[in-house]
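In terms of our numbering, the sequence shown opens at residue 4 and continues consecutively.
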Amino acid sequence: GANIIDVVAYPFITEVDKVLAEIPVGKWGQYARRFKIGGVKITLDGSPQGRTAFFTKPYLTGGPGGEKDWKGEPTFPEDLAKQGFKQVYDLNVPLIAHCNGDAAIDLFLKGYEFARGGDFSRPWNVTTIHTQFLRKNQIPKFVQYKVRPSFYTLHTYYFADAHIANRGKEQAAYISPMRDAIDAGLRPSNHTDFVVAPLDQMFMLWSAVNRVSRGGEVVGPDQRITAYEGLKTMTAWAAEQYDEQATKGTLEVGKLADLVLLDKDPLKVEPMAIKDIRVVETIKEGRTVFPARAELPAIKAVDPGKAYTWKAHVCDMADVNNAAGKEWTLVTLNGKTVEADKRPTIKFAGGKLTIFGGINRLTGSYALVHDKVTMGDIVSTKMAGPPELMEIESEFARALSSVNGFHVHGNELELLHDETVVATFRAEE
4 GANIIDVVAY PFITEVDKVL AEIPVGKWGQ YARRFKIGGV KITLDGSPQG RTAFFTKPYL
64 TGGPGGEKDW KGEPTFPEDL AKQGFKQVYD LNVPLIAHCN GDAAIDLFLK GYEFARGGDF
124 SRPWNVTTIH TQFLRKNQIP KFVQYKVRPS FYTLHTYYFA DAHIANRGKE QAAYISPMRD
184 AIDAGLRPSN HTDFVVAPLD QMFMLWSAVN RVSRGGEVVG PDQRITAYEG LKTMTAWAAE
244 QYDEQATKGT LEVGKLADLV LLDKDPLKVE PMAIKDIRVV ETIKEGRTVF PARAELPAIK
304 AVDPGKAYTW KAHVCDMADV NNAAGKEWTL VTLNGKTVEA DKRPTIKFAG GKLTIFGGIN
364 RLTGSYALVH DKVTMGDIVS TKMAGPPELM EIESEFARAL SSVNGFHVHG NELELLHDET
424 VVATFRAEE
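Below is the structure:
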C-alpha cells in the first residue's frame, strides 16, 4: 500500500519461468496494489557510448578492450534470441526488446518474424527500447509489423560527442530518428533510462524538440519534432505502450485524473526554454501527490486548531506538518506513562526517522500516502542495558511498526494506529 504511482515491471527473459511459478500469466497486465507485470524484456545488445552495442559496421574507435574491426556483439546468439521471442509470443504478452545498434535491430526483426511464423494476424504489443541507431531502411518493417520504437533523445545532449567519435557524424546525427518514424506513421514513445540519464521529463521533451548537444551543436536537425508531438511520445503513445490507453494518456472524461500542472505552456514558449518549465503540481487519480515547490507559497493548514494530516508533499513544511524537524520525547506508550531517566526520542525529517531508544540508536523510514503514514522497518544498534530500558525500547519499536497516522497539537505529538493513540510525545518550545 506504499506506492502512490503505478509500477510496471518487465521480467527478463531468463527469469520468466521463475515469475510464472509465483504469478500465473493470467494475472499479468493487471494492477495489484499499483503493481503489474507488463510483459517480458529481452536485451539484444549493449551501449553505443560504451561500445558494446551491436552494429553492422565497425566502431571508428575500436572495441572497449582495444579490439580491432569491432562491431560489438549480441547479448544472445541468434538461435537463442529467436527462441526467447517465440516463448514471449506463445505466452501472448507484450515484449520489450532492448536494441541499440542497427545489427541488434536486424536481429530483433529476425526474432520477431521467427516468433510469428508467417502469421501476422494476431495483435502483439511489441516495443523496441532505445532503438537509437535505427536505419532508415528498417523503418518500413516497423510500420509493417506495427512495432513501436521507444526512443532516447536525451542522447543527443548527453552522449553526442561519444557517438560522433565512435560512429561518425552522419550516423550519430540520425540517432533516435523521431521525425522519420512519426512521418512514416509510427507512434513512438520517449524515455529517460534512469540512472544513465536524469529523470527530467521537461529536459527529455526539450531534447526531442531541439536536439542540441552539451557543446551546443545541433545533432540531426532534420529529426526534430514539434513540442506537441513530443508530448504525445510521453503521454498518449506511452500509454499505448503499456496497454493503458483506455485509462491514461489523454485528458478525457472516463479516464484517470493523472496529470501535471506546469508553470508555462510548452506549446507556447520558445523551444529552447522548454527545459526550464517546472512541474508545480502532480495529481494522481484526482489526488495531489506533489504540489508547488518550497520556494512557491507554502500551503497553509485550513484550521490550525484541528489535527494535521500528513501528505507526501508537506513532509517537512512547518506550516502544515509540525511534526517534522523537531525532537520529540516519549511521554506515554500504549496508554502508560514512560518513567525513565533517558526516555526515547524521535525525529522526523525528509522521510527518515532518527530515534534514541534510551540505550540504542534506531533508524527507519516513513512514507506519506494520501491521508496515511506507513512506517518502514526499524534498524537498531545492538547495545545492552538495564532490562527496564530494553523493554521500553522493544515495546517502542513494536508500536512504531503499527503507526499509520498522527496528530500535532502545539508541542504535543500523538502517533496513531487507526485513530487509537499508541504513543504521545512532547517537544521543547
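Quick reminder that beta carbons are idealized off the backbone N, C-alpha and C, glycines included.
Checklist entry - Whole-angstrom Cβ separation of P274 and N213, contact assumed at under 8 Å? => result Contact between P274 and N213 holds: CB atoms are separated by about 6 Å, below the 8 Å threshold.
Next on the checklist: Please return the same chain residues whose Cβ sits closer than 6 Å to the Cβ of A295, not counting the five positions on each side in sequence.
Outcome noted: Its pLDDT being 48, under 50, A295 is placed unreliably by the model, and nothing is read from it.
Checklist entry - Looking only at C-alpha atoms, which of F293, G65, D246 and P51 sits nearest to V129? => result Closest option to V129, Cα to Cα, is D246.
Checklist entry - Distance, Cα to Cα, F57 vs F359? => result Distance between the alpha carbons of F57 and F359: 54 Å.
Item to check | Collapsed DSSP secondary structure at W331 in the structure displayed | outcome: Residue state, collapsed to three classes: strand.
Checklist entry - Which residue's Cα is closest to the Cα of R138: D122, A5, G120 and N103? => result Of D122, A5, G120 and N103, the residue nearest in Cα terms is N103.
Checklist entry - Apart from the five residues on each side of it in sequence, which residues of its chain come closer than 7 Å, Cβ to Cβ, to D183? => result Excluding sequence positions up to five before and after D183, its CB lies within less than 7 Å of the CB of K139, I142 and Q226, all in the same chain and listed in chain order.
Next on the checklist: Taking 6 Å as the limit between beta carbons, can you name the residues of its chain near A400, skipping five residues before and five after?
Outcome noted: Only I381 meet the Cβ criterion.
Next on the checklist: Within 8 Å, do at least three Cβ pairs link the segment 417-426 to the segment 393-409?
Outcome noted: Short answer: they touch.
Checklist entry - By how many angstroms is the C-alpha of L208 removed from the C-alpha of Y34? => result The C-alpha of Y34 lies about 28 Å from the C-alpha of L208.
Item to check | Residue nearest to A200 in terms of C-alpha spacing, selected from H158, Y177, P224 and V222 | outcome: Ranking H158, Y177, P224 and V222 by Cα distance to A200 puts H158 first.
Item to check | Cβ pair count under 8 Å reaching 3, the segment 406-425 against the segment 324-339 | outcome: At 8 Å Cβ cutoff, the stretches touch.
Checklist entry - So who's on the other strand from P152, going by DSSP bridges? => result P152 is bridged by DSSP to T131.
Item to check | First and last residue of the uninterrupted beta strand (DSSP E) at H194 | outcome: Under the DSSP assignment, H194 falls outside any beta strand (DSSP E); it carries neither an H nor an E label.
Checklist entry - Which value, in whole angstroms, describes the spacing of the CA atoms of D374 and D9? => result Annotation note: pLDDT 49 at D374 (below 50); position unreliable, coordinate value reported separately. So the two alpha carbons sit approximately 18 Å from each other.
Next on the checklist: With a threshold of 8 Å on Cβ separation, who are the neighbours of K39 within its own chain once the five nearest residues in sequence on each side are excluded?
Outcome noted: So the list reads D9, V10, V11, A12, W31, G32 and Q33, once near-sequence residues are dropped.
Checklist entry - Along the chain, which unbroken stretches of the alpha helix (DSSP H) at least 4 residues long are found entirely within the segment 12-76? => result With a minimum length of 4 residues, the continuous alpha helix (DSSP H) runs that stay inside the segment 12-76 are 19-25.
Checklist entry - Can you list, in chain order, the residues of its chain whose CB lies under 8 Å from that of V341, leaving out five sequence neighbours each side? => result So the list reads L333, V334, T335, P347 and I395, once near-sequence residues are dropped.
Checklist entry - What three-state label does DSSP hand F79 in the structure shown? => result It is coil, neither helix nor strand.
Next on the checklist: Taking a contact to mean a Cβ-Cβ separation below 8 Å, would you say A430 touches E330 in this structure?
Outcome noted: A distance below 8 Å separates the beta carbons of A430 and E330.
Item to check | C-beta atoms of L94 and V28 nearer than 8 Å | outcome: Their beta carbons are under 8 Å apart, which means L94 touches V28 by this criterion.
Next on the checklist: Please return the same chain residues whose Cβ sits closer than 8 Å to the Cβ of L202, not counting the five positions on each side in sequence.
Outcome noted: Counting only Cβ-Cβ distances below 8 Å, and skipping sequence neighbours, we find T195.
Item to check | K235 - containing alpha helix (DSSP H), residue span | outcome: Start and end: A230 to M237.
Checklist entry - Where does K287 land, buried or exposed, given buried means 16+ other C-beta within 10 angstroms? => result In the assembly as shown, K287 is a buried residue. Its beta-carbon has 16 or more other beta-carbons within 10 Å.
Checklist entry - What does a CB cutoff of less than 7 Å around G289 pick up in its chain, not counting 5 residues either side in sequence? => result Only A260 meet the Cβ criterion.
Checklist entry - For the alpha helix (DSSP H) that K251 lies in, which residues bound it at each end? => result Following the DSSP letters along the chain, one finds K251 in no alpha helix (DSSP H), marked with neither H nor E.
Checklist entry - If we ignore side chains and look at the alpha-carbon of each, how far apart do D319 and A352 end up? => result At D319, the pLDDT of 47 sits below 50, so the modelled position is not reliable and the matter cannot be decided from this model.
Item to check | Delimiting residues of the beta strand (DSSP E) encompassing W284 | outcome: Per the sequence shown, residue 284 should be read as Glu rather than Trp. Element bounds for E284: V282 to K287.
Checklist entry - Using the beta-carbon count (16 or more within 10 Å), is N363 buried or exposed? => result Around the beta carbon of N363, 16 or more other beta carbons lie within 10 angstroms, which makes this residue buried.
Item to check | For D328, the nearest candidate out of K355, K345 and D344 (CA to CA) | outcome: The displayed chain sequence assigns Gly, not Asp, to residue 328. Out of K355, K345 and D344, K355 has the C-alpha closest to the C-alpha of G328.
Item to check | For A326 and G413, the rounded distance between their alpha carbons | outcome: Approximately 10 Å between the Cα atoms of the pair.
Next on the checklist: Nearest by alpha-carbon distance to G252: which of L270, G233 and D266 is it?
Outcome noted: Nearest option by C-alpha distance: G233.
Checklist entry - If we count the other Cβ atoms within 10 Å of its Cβ and call it buried at 16 or more, is A276 buried or exposed? => result The residue in question, A276, is exposed, as its Cβ has fewer than 16 Cβ neighbours within 10 Å.
Checklist entry - Taking the alpha-carbon positions, what's the F409 to Y369 distance? => result Computed Cα separation, rounded: 12 Å.
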